[in-house]
Amino acid sequence: MKFIDEYQDNKLARGLAYRIAQRSTKTIRLMEFCGGHTHAILRYGIRQLVPKTVEMRSGPGCPVCVTATADLDKAIALARLPDVIITTFGDMIRVPGSYSSLQQAKAEGADVRIVYSTIDAVEIAGANPEKSVIFIGIGFETTAPTIAASILKAQQEKIENFHILSLNKLTPPVMKALLDSGEVKLDGIIGPGHVSVIIGSHPYEFIPRDYGVACVISGFEPLDILLCIDKLVEQIEKGEPKVEIAYPRGVKPEGNRKAWQLTEHVFEIGEANWRGIGIVPQSGLKVRAKYEQFDADKVFSVSLKPPREPKGCRCGDVIRGAAMPLECKLFRKVCTPESPVGPCMVSSEGACAAYYQYGTLENL
Amino acid sequence: MDDSILLAHGSGGKLSHELVEKKFLPFLANPALNKLDDSAIFEASGRLAFTTDGYVVNPIFFPGGDIGKLAVCGTVNDLAMNGARPLYLSLSAIIEEGFLLSELEQIVQSIKKAAEEAEVSIIAGDTKVVNRGQADKLFITTSGVGIISPGVDISGANARAGDKVLLSGTIGDHGIAIMSQREGLRFAMTLESDCAPLSKLVSQMLEVTSGIHCMRDPTRGGLATTLNELARQSKVGIVIEEAKIPVKEEVKAACELLGLDPIHVANEGKLVAIVDPVDTEKILACMRKNTYGRDAAIIGEVSKEHPGKVIMKTKLGPSRVVDMLSGELLPRIC
C-alpha cells in the first residue's frame, strides 16, 4: 500500500482548511456517521483545523456500539450453552451486557474466540464438527457481504455446525430515523466511506431531497475528510444540498453490485434493534428461510431476563449525536477503556474511546 | 534422545541431565556455567544493576528473531537502559511436553548468538517441563546483572525542561512483524522484528557524553507508553512531533489496514533517550554510526508545561494528548 503520506500532507491540509474558513459564513452542524471518521478527525486534530462555525457531531456508525443490549445478552446466553463455540470480532467481547459480558463468560469457561474474518469462523466450525460454532454477525453493509459469503462457503463445504447470529444493520434507514426524529438538527452528513464502497451513493439521495441536508461521502485519511467538509460547506453556503462523493478512489455511484447481490441472496431486510434508537424498520438483515439451518436464531433458543442499561451511561445519546462524549458524567471518571461502562468506550470505533484516546489539552 | 520433549526431561533425573548437557551446555558453555553448581559465582565491584523479565511471545519463531533472541535482548536492553554494561544472565526455560527438540536447539543457538553479540555470559539456568496444555510451547525467563560506570546516572526521573527527546530508529517493527504471523491475521510482508541488543549502542553513547538523563526501550505499549512513563516519573511535559518519528512504509501500511497507531505498537530494538540539549547533535551523530541507531532522530523536547502529559503535534499541525496504550491492540472491523 502506498499513498499514505500523500493523504496526510500538511500543506494541502492547511490549504483546504483555509478554503473552508474562507467559504464558511453560517454556523452549521455536521455529523460524521462513521466511528472511523470520528477517530481520524480526533487523531489528526481536524476539529482544530476547521473554523468555529463548523460544529461536528459523531453519529451511530460504530457496529459494536449500536448492538442493542438485548442482542448482546443473547450472544452471552448462547456462549453459555454446552458445546458451543462463539466467534466474534475482538471489541465485542469486552462490552458489558445487562448481567455479564462475553469476556466474563469466557473467563467462566465458555469457548469464546476472537476472529478477524468470518471465513476463520467457518474454518473453526470445520475443525470442530462436534461443536456448534456461532459467529456474532455485527456490522453494516461493509461486513454483510463477507458474512453472506461465509454462509455460502459453509453450505458448499457441508459444514452444518456453522451459524450466524445476524445483527447486521443498514445505514440509510437509520439516517432516515435520525432525521425523522428531528432531535439533532443537522446541516450536513459526512457519509460513510466503506459502507458506500458496497452500496454506492444512490441510497442517500433522499437526504437532500426530503430533508434538505447535504451529504458528502468521505474516505478516512485526513485530506479526504477535509475535502469532504469543504464540499459540505460549499453546498450548505450555496443552499444546494446534494449527494457527492469525495472519495472517488473507493466509491462508485452504483457501488459494488456483485457484493450487494450476494448479500441480498443470503439475507432479507427486516427490522433491527439499535442501542439508543430502538427498533428501526427495514434497518436490519435477517438470514433468508432458504439458509435457516445457518441462522442461530432458528437453531438455538435461549431464555433471557429483561435487558438493563448501565446507570448513568449516555452511549445511547452519543450514538444519536444528541450528546458529546465529554457531556457524559461517567466519561474518564468512571468509564475508561480499562473499565468501560458502555460500548462507545470499548470499541475502536466508539466516539467515547476516540475522545478519550485523542484528547486535547483543553478537555483534559 | 527422542524428537520431542517428554515429561521425563523435567524429572531431574537422567533425561534432565542429558537435556542440559546436550542441548544447552554445548552452546552456552563458560567457566561459571560449566561447573553446574547450585549457583554461579562471579566477581564484580562497583554499582550493579539487576533485572528480570519473562518471555511468552506467540509465535515463538517470527521474522527477524525468536523467543531465545528476545529473551537475551530484552534483559540486556533493560540493563543498558540504566547505563549498565550487561555482564551475566540467568535463563530459565519452562517447556511444554511434546515440544520439538530440534526447535529447542534452534532457540538455544539463537540465545548463544544474541549473548555473544551483547557480550554477556549465561552463567545460571534451569529447565522445567510441564504437561501438554499447561504452557504454550516454551516460556523463558531471564535475569541479568550489569555494572554501571562511576558518574553515570540515568533514570526515568531525570528529565528536565529543555532536554531533547531522541529515538534510535523506526517504530512498530516488532509488533507488526509478530501480528503478521498471528493465527487468522496472516498477511504477506517482508518486515522483520527489530529485536536487537542495544548495549553496545548505549556504551558508545556513554563514551561521547555525560548528558543522557533518561533512557528506556519502548517495548509493549510502544513509544506512547514509554514517553508517558517518563513524563510522569520526571514530572515534566513531553512534546513530540508526529512528522519526525521514523516509521517504515510497511508498518504505516499495516497500521492503516488494522486501524492501529504506530506509536502504540511494540519495539524490541529501539531506545528513547532524553538528553541535555547541549549534547544532542553529538549524541545523534554517535547513534547514527551504530547499525541499531542509523535512523535515529530528534523527535521532541521536554517542557515544564502540563507535567505528566505527552503532547503530539500531528502531521497536520494541531496538537493532541498522547495517552498510554489502553487495553489490547485489536484491529478494527469496519
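In the order they appear, the protein sequences are chains A and B. Per this note's numbering, the first sequence starts with residue 742, numbered consecutively. Per this note's numbering, the second sequence starts with residue 33, numbered consecutively. Even for Gly, the Cβ is constructed at its ideal location relative to N, Cα and C. Bear in mind that the values here come from a model prediction, so they are computed numbers and not experimental data.
query	result
Alpha-carbon spacing of A/R788 relative to A/T810, whole angstroms	31 Å
Under 8 Å between C-beta atoms of A/S765 and A/P792	yes
B/K232 burial status per 10 Å Cβ neighbour count (16 or more: buried)	buried
Any C-beta of chain A under 8 Å from that of B/K347	yes
B/S48 versus B/G42 - alpha carbon distance	6 Å
Cβ-based burial, B/M33 [other Cβ within 10 Å; buried from 16]	Legend: pLDDT at B/M33 = 48, less than 50; position of this residue unreliable, value from coordinates given subsequently. With fewer than 16 other Cβ atoms within 10 Å, it is exposed.
Cβ contact (3+ pairs, closer than 8 Å) linking the stretch 1008-1022 of chain A and the stretch 803-820 of chain A	yes
Minimum C-alpha distance to B/D78 - residue among B/G178, B/L57 and B/S153	According to the sequence displayed, residue 78 of chain B carries Gly and not Asp. Ranking the options by Cα distance to B/G78, first place goes to B/G178.
Chain A residues whose Cβ lies nearer than 8 Å to that of B/V20	It is not possible to answer for residue 20 of chain B, since the shown part of chain B is limited to 33 through 366.
Neighbour-count burial assignment, B/A61, 16 or more Cβ in a 10 Å radius	exposed
Residues that DSSP places opposite A/I865 in a beta bridge	Answer is none; A/I865 lacks a bridge partner.
Residues that DSSP places opposite A/F903 in a beta bridge	A/V874
Ordered list of beta strand (DSSP E) runs contained in the stretch 982-1055 of chain A, each at least 3 residues	984-986, 1008-1015 and 1019-1028
Inter-residue Cα distance where the pair is A/G1091 and A/C1085	4 Å
Cβ contact check for the stretch 296-309 of chain B and the stretch 94-114 of chain B: 3 or more pairs under 8 Å	yes
Below-8 Å beta-carbon distance, B/P350 vs any chain A residue	yes
Span of the beta strand (DSSP E) around B/H245	I244 to R248
Contact list for the stretch 900-922 of chain A against chain B, Cβ threshold 8 Å	none
Residue-chain proximity (B/S335, chain A), Cβ-Cβ < 8 Å	no
Amino acids of chain A, ordered along the chain, whose beta-carbon sits closer than 9 Å to that of B/S358	T1077, P1078, E1079, A1094, Y1097 and Q1098
Cβ-based neighbour list, A/A890, same chain, cut-off 8 Å, excluding 5 preceding and 5 following	T859, I860 and L1003
Touching by the beta-carbon criterion (3+ pairs, under 8 Å), the stretch 988-1007 of chain A and the stretch 771-782 of chain A	no
Segment limits, beta strand (DSSP E) that includes A/L1067	Here A/L1067 belongs to no beta strand (DSSP E), and DSSP marks it neither H nor E.
Rounded C-alpha distance that separates B/G115 from B/L230	11 Å
Residue span of the beta strand (DSSP E) that contains B/A305, given as start and end	V304 to V307
Closest Cα partner of A/Q896 within the set A/L1045, A/E1005, A/G1062 and A/E1033	A/E1033
Alpha-carbon spacing of A/L1102 relative to B/E273, whole angstroms	16 Å
Length of the line joining the Cα atoms of B/C366 and A/P1081	Reliability fails at B/C366, whose pLDDT of 46 lies under 50, so the model's placement of it is uncertain and no value is given.
Residues sharing a beta bridge with B/D18, DSSP	With chain B covering only 33 through 366, there is no way to say anything about residue 18 of chain B.
Opposing strand residues paired with A/F1072 [DSSP bridges]	A/C1076
Span separating the alpha-carbon of A/P1051 from that of A/S937	33 Å
Proximity test, Cβ basis, 8 Å: B/C366 and chain A	In this prediction, B/C366 has a pLDDT of 46, which is less than 50 and means its spatial position is unreliable; nothing more can be read from the coordinates.
Sheet register partners of A/Y748 (DSSP bridge)	According to DSSP, which records beta bridges pairwise, A/Y748 is partnered with nothing at all.
Buried versus exposed call for A/P823 [16 or more other C-beta atoms within 10 Å across all chains shown]	exposed
Within chain A, partners of B/I343 - CB distance below 8 Å	L1102
Counterpart residues of A/G929 in DSSP-defined beta bridges	A/L771 and A/A955
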